[in-house]
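Protein chains: 2
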Amino acid sequence: MSFGGAPAPGFSTRWTPLPQGVALAADPDVLPAGFRAGGLAAGIKPSGGIDVGLLVCDESAVTSAARFTRSGTQAAPVLVTREHTRLDAIRTVVVNSGNANAATGAQGYQQAAKMQGAAAMTSGVGEDQVAVCSTGVIGQQLDAGKVVAGLAALRERLAPDGLVDFQRAIMTTDLFEKRAALEVTLPSGPVVRLSAQAKGAGMIQPSFATMLCFVQTDAALSVQTADLLLGVCVQRSFDRISVDGQLSTNDTVILQASGASGVTIEPESPDELRFGEALDTLLRHLALLIVRDGEGSVRTGRVIVRGGHGPNVERAARAVANSPLVKTALHGGDPNWGRIVQAVGMALVDTAPLPVDVAIEGVQVCVAGQAVPFDQGDLAARVEADEVEYVIGLPGDGFETEVFFSDLGHEYIRINAEYTT
Amino acid sequence: MSFGGAPAPGFSTRWTPLPQGVALAADPDVLPAGFRAGGLAAGIKPSGGIDVGLLVCDESAVTSAARFTRSGTQAAPVLVTREHTRLDAIRTVVVNSGNANAATGAQGYQQAAKMQGAAAMTSGVGEDQVAVCSTGVIGQQLDAGKVVAGLAALRERLAPDGLVDFQRAIMTTDLFEKRAALEVTLPSGPVVRLSAQAKGAGMIQPSFATMLCFVQTDAALSVQTADLLLGVCVQRSFDRISVDGQLSTNDTVILQASGASGVTIEPESPDELRFGEALDTLLRHLALLIVRDGEGSVRTGRVIVRGGHGPNVERAARAVANSPLVKTALHGGDPNWGRIVQAVGMALVDTAPLPVDVAIEGVQVCVAGQAVPFDQGDLAARVEADEVEYVIGLPGDGFETEVFFSDLGHEYIRINAEYTT
Numbered sequence: 001m002s003f004g005g006a007p008a009p010g011f012s013t014r015w016t017p018l019p020q021g022v023a024l025a026a027d028p029d030v031l032p033a034g035f036r037a038g039g040l041a042a043g044i045k046p047s048g049g050i051d052v053g054l055l056v057c058d059e060s061a062v063t064s065a066a067r068f069t070r071s072g073t074q075a076a077p078v079l080v081t082r083e084h085t086r087l088d089a090i091r092t093v094v095v096n097s098g099n100a101n102a103a104t105g106a107q108g109y110q111q112a113a114k115m116q117g118a119a120a121m122t123s124g125v126g127e128d129q130v131a132v133c134s135t136g137v138i139g140q141q142l143d144a145g146k147v148v149a150g151l152a153a154l155r156e157r158l159a160p161d162g163l164v165d166f167q168r169a170i171m172t173t174d175l176f177e178k179r180a181a182l183e184v185t186l187p188s189g190p191v192v193r194l195s196a197q198a199k200g201a202g203m204i205q206p207s208f209a210t211m212l213c214f215v216q217t218d219a220a221l222s223v224q225t226a227d228l229l230l231g232v233c234v235q236r237s238f239d240r241i242s243v244d245g246q247l248s249t250n251d252t253v254i255l256q257a258s259g260a261s262g263v264t265i266e267p268e269s270p271d272e273l274r275f276g277e278a279l280d281t282l283l284r285h286l287a288l289l290i291v292r293d294g295e296g297s298v299r300t301g302r303v304i305v306r307g308g309h310g311p312n313v314e315r316a317a318r319a320v321a322n323s324p325l326v327k328t329a330l331h332g333g334d335p336n337w338g339r340i341v342q343a344v345g346m347a348l349v350d351t352a353p354l355p356v357d358v359a360i361e362g363v364q365v366c367v368a369g370q371a372v373p374f375d376q377g378d379l380a381a382r383v384e385a386d387e388v389e390y391v392i393g394l395p396g397d398g399f400e401t402e403v404f405f406s407d408l409g410h411e412y413i414r415i416n417a418e419y420t421t
Numbered sequence: 001m002s003f004g005g006a007p008a009p010g011f012s013t014r015w016t017p018l019p020q021g022v023a024l025a026a027d028p029d030v031l032p033a034g035f036r037a038g039g040l041a042a043g044i045k046p047s048g049g050i051d052v053g054l055l056v057c058d059e060s061a062v063t064s065a066a067r068f069t070r071s072g073t074q075a076a077p078v079l080v081t082r083e084h085t086r087l088d089a090i091r092t093v094v095v096n097s098g099n100a101n102a103a104t105g106a107q108g109y110q111q112a113a114k115m116q117g118a119a120a121m122t123s124g125v126g127e128d129q130v131a132v133c134s135t136g137v138i139g140q141q142l143d144a145g146k147v148v149a150g151l152a153a154l155r156e157r158l159a160p161d162g163l164v165d166f167q168r169a170i171m172t173t174d175l176f177e178k179r180a181a182l183e184v185t186l187p188s189g190p191v192v193r194l195s196a197q198a199k200g201a202g203m204i205q206p207s208f209a210t211m212l213c214f215v216q217t218d219a220a221l222s223v224q225t226a227d228l229l230l231g232v233c234v235q236r237s238f239d240r241i242s243v244d245g246q247l248s249t250n251d252t253v254i255l256q257a258s259g260a261s262g263v264t265i266e267p268e269s270p271d272e273l274r275f276g277e278a279l280d281t282l283l284r285h286l287a288l289l290i291v292r293d294g295e296g297s298v299r300t301g302r303v304i305v306r307g308g309h310g311p312n313v314e315r316a317a318r319a320v321a322n323s324p325l326v327k328t329a330l331h332g333g334d335p336n337w338g339r340i341v342q343a344v345g346m347a348l349v350d351t352a353p354l355p356v357d358v359a360i361e362g363v364q365v366c367v368a369g370q371a372v373p374f375d376q377g378d379l380a381a382r383v384e385a386d387e388v389e390y391v392i393g394l395p396g397d398g399f400e401t402e403v404f405f406s407d408l409g410h411e412y413i414r415i416n417a418e419y420t421t
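Chains P and Z supply the protein sequences, listed in that same order.
Just so you know, we're using full-length UniProt numbering here: the first sequence kicks off at 1 and counts up by one.
Just so you know, we're using full-length UniProt numbering here: the second sequence kicks off at 1 and counts up by one.
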């Protein structure tokens, strides 16, 4: 499956098949009805690249839902949005890259509030309907004046196809754009559109993961439906990935429903089910693109853990996905499955001897804690693929989870030993 | 401070000053009275290097104490030792490198038991006074027959200065030997000796860390004293370091007291205090050598966290020490302190806005969650030193902890993407 528009690497449908009734949008560079967007270079990124974006819903009946990082050191824009924005009625999103406006205290809070006010004026909505997002370096004061000047220039440029520039405005170390658009044929007949733009390549971790993701639909959703669907789909996508086990100060996901299609998704209807499946696929696809773009990543891993104790299943999956030993083995195309056993043992202390099962790409290598014979050459070939799947069995039944993760290679070191304040 | 003998890098006394009455041993290549050791190549390591070691206490009145990894997937030698060895009266330690004998199930258990039996015969002690240790690749069956053959040849070679070969027998990816010997002048007059050998460079993590460490003294210790002192000192050394946040399947620390000096350390005496200080310094020094030898490491970090909530203080310190973003910045000599704030925020979710203070090498960069002005050039120069200290303040008072950690660089990737099953 290749979502048109973005020069993203080709992506297999192995982990994100398109559901029935859901197709790639014919024109992924155009937003769903009721939305306009744009982006320009406002002088925040030292590179001179596009660094301010604006996304506006023209429908006053908009509904929305949002999720934020749980970090104890949330950035100023997250605090401002959580405290001053009607999260169920967001019409405008203003975003900058090149500066996270995090660890900036009261001054940073004022700058984020200034962005909110300017975006409200630019888009003609109340300040309490504007969400503010930032991404970039932590610990430097943001000059919101640059954003304000940029917004003034951006006002006339907002357009349904402005999402291309909007996407660029949210990118930092991303190597490729992460966006997609779907057309959803509802069981009741009509077709609605869904689009989303995401950014993120490092500082990506559980609970939850993408640094920024914006989702739009021309369907009408109740506030409760929007919140329910976004919550469930975030848990199955951005909350199930790990690049480096780190949690950003700025993570924000926003879903906006313009209703401009005139089609309402009724709660607990077959339409809602299909729409939810489409949203799920969309967010999982974007989450996987983030893993795929994990800084320096060349392979993507998926670990599935099954067992009889939910918290242990979760802990084991996270430990494997975040283990630098597992990640470097994945990077090297190395079938060193002992590191999987090590990571599981670390996650579940004081349980020895733990009868763990491990299979890699369908090759069983460990049963009940004991190595078993297998075809070494066969496994070595399998782990050199772009995607590698690990299945781990713990004692008992009833729980299953998964985490998608990137490998750890030289490029991660290069990027992060040189990306500086 | 340079502990003689080992070609370890010069080590500053900044973090491990020698206590009063404690001096480097004149001959660090000789074990304390009552001990003999040796090592030879038995064909387990593909390189043909020394891979089997034996350490014997000749005094039947030996006392000992031991600590093990808490991994849920403990290796067979750990299980055998925990289940069949009198941990307070260990006379013999048999060890192999090149194969961890982990994830090897019942067959591995038998091989470890075979090693225990052969070492008992070789050294003329009961099997229940033999500890078994292994280190190396996980998930391959160990051929204990090679160890048994090696032990037969080793029998005649055991000597007080055999610790040089014994040390080599425990090394895997270690770049240098980690051993030291101290002379402790007790307040009551006599002098006793303390020596220790450690190995570890990767898969090193909290709770606790060194893969293997063996400590000998010619003092007489009660069983209770040996256990108490080892427990406290391990908590302040191997439990306070992190190379890559991973927990080994094989970690083992053993303290043996031969009593051959005829000097008894009385409980709760000034002698015990001084002996404890010496043991503390010795283990902290070795723990720091492990961090220093962290795979690919060029710099060592120390994070100190203070605050009013003990678990939060601990969590924050671990999160900083294990953050790949902090570690890569340390590697790059990069003053990017925003990553420290990020790591703290990740550790303490749902506490925003958290008024965190951060100082690096004495330069205050963040106060109450807000960036403060500082001399960028000055800080940039300070973080290029071999050792970098981070001090983090959380709200409140009363708790303080520290973690020593290595950086994350290209060599870690090279070593771990290529070290294979």
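Where is the CB? At the ideal position from N, CA and C, for every residue including glycine.
Under the criterion of beta carbons closer than 8 Å, I413(P) and I413(Z) qualify as touching, at roughly 6 Å. Between the alpha carbons of A153(P) and S71(Z) lies a gap of roughly 59 Å. In the three-state reduction of the DSSP assignment, N322(Z) falls in the helix class, which pools H, G and I. If you draw a 10 Å sphere on the C-beta of P46(P), you find fewer than 16 other C-beta atoms in it, and that means exposed. By the criterion of a C-beta distance shorter than 6 Å, K327(P) is surrounded in its chain by D407 and L408, once the five residues flanking it on both sides are discounted. Taking all protein chains shown into account, Q376(Z) has fewer than 16 neighbouring C-beta atoms within 10 Å of its C-beta and is therefore exposed. Interface with chain P (7 Å Cβ-Cβ cutoff): V349(Z) is included.
Legend: CB atoms of the segment 337-366 of chain Z lying less than 8 Å from CB atoms of chain P belong to residues W337, G338, R339, V341, Q342, A343, V344, G345, M346, A347, L348, V349, D350, T351, A352, P353, L354, V356, V365 and C366. Annotation for Q364(Z): no alpha helix (DSSP H) segment contains it, though the beta strand (DSSP E) segment containing it runs V363 to V367. Contacts between I241(P) and chain Z, judged by CB atoms closer than 7 Å, are missing: the closest CB pair is about 15 Å apart. No Cβ-Cβ contact shorter than 7 Å links H84(P) with A180(P).
Judged by DSSP in its simplified three-state form, F374(P) adopts coil rather than helix or strand.
Proximity of the segment 145-159 of chain Z to the segment 244-255 of chain Z falls short of the contact definition, fewer than three beta-carbon pairs being nearer than 8 Å. Residue pairing for D357(Z): DSSP places it in a beta bridge opposite G393(Z). Listed in chain order, the positions of the segment 129-142 of chain P with a beta carbon within less than 9 Å of a beta carbon of chain Z are V137, I138, G139, Q140 and Q141. Residue state for I340(P) is assigned as helix, using DSSP reduced to three classes. In this structure the segment 105-113 of chain P does not lie against the segment 378-397 of chain Z, because fewer than three pairs of beta carbons, one per stretch, are closer than 8 Å. Sequence-ordered contacts of the segment 36-70 of chain P with chain Z read R70 [C-beta pairs closer than 7 Å].
If only complete runs of 4 or more residues are kept, the segment 6-84 of chain Z shows the alpha helix (DSSP H) at 76-84, in order along the chain. Looking at the backbone, the Cα of V263(P) and that of A169(P) are separated by about 31 Å. Contact between A198(Z) and C366(P) is ruled out by a C-beta separation of about 29 Å, above the 8 Å threshold. Under DSSP, the beta-bridge partners assigned to E183(Z) are A23(Z) and R193(Z).
Note that the segment 22-32 of chain P does not touch the segment 129-147 of chain P; fewer than 3 beta-carbon pairs, one per stretch, sit closer than 8 Å.
Residue nearest to Q235(Z) within the set R299(Z), G332(Z), T401(Z) and I44(Z) is T401(Z) (criterion: CA-CA distance). Sequence-distant Cβ neighbours of R306(P) in its own chain, meaning closer than 8 Å and more than five residues away, are V313, V391, I392, G393, L394, D397, F399 and E400. Residue environment analysis places Q224(P) among the exposed positions, since fewer than 16 neighbouring C-beta atoms fall within 10 angstroms of its C-beta.
G189(P) has its alpha-carbon roughly 10 Å from the corresponding atom of G21(P). With contacts defined as CB atoms closer than 7 Å, G301(Z) and V388(Z) qualify as a contacting pair.
Using a 10 angstroms sphere on the CB of P373(P), the tally of other CB atoms stays under 16, which defines it as exposed. The beta carbon of L279(P) lies closer than 6 Å to those of L229 and C233 in the same chain, with the five residues before and after it left out.
Listed in chain order, the non-local C-beta contacts of A260(P) below 6 Å within the same chain comprise A33, G34, E59 and D218, local neighbours out to five positions each way being set aside.
Rounded to whole angstroms, T185(P) and I265(P) show a C-alpha spacing of 12 Å. One thing to note: V344(P) has its Cβ within 7 Å of the Cβ of A316(P). In the structure shown, the three-state DSSP call for S261(Z) is coil.
Checking the DSSP bridge columns, you'll see N99(Z) partnered with T135(Z). With respect to chain P, the C-beta atom of T73(Z) has a partner C-beta closer than 7 Å.
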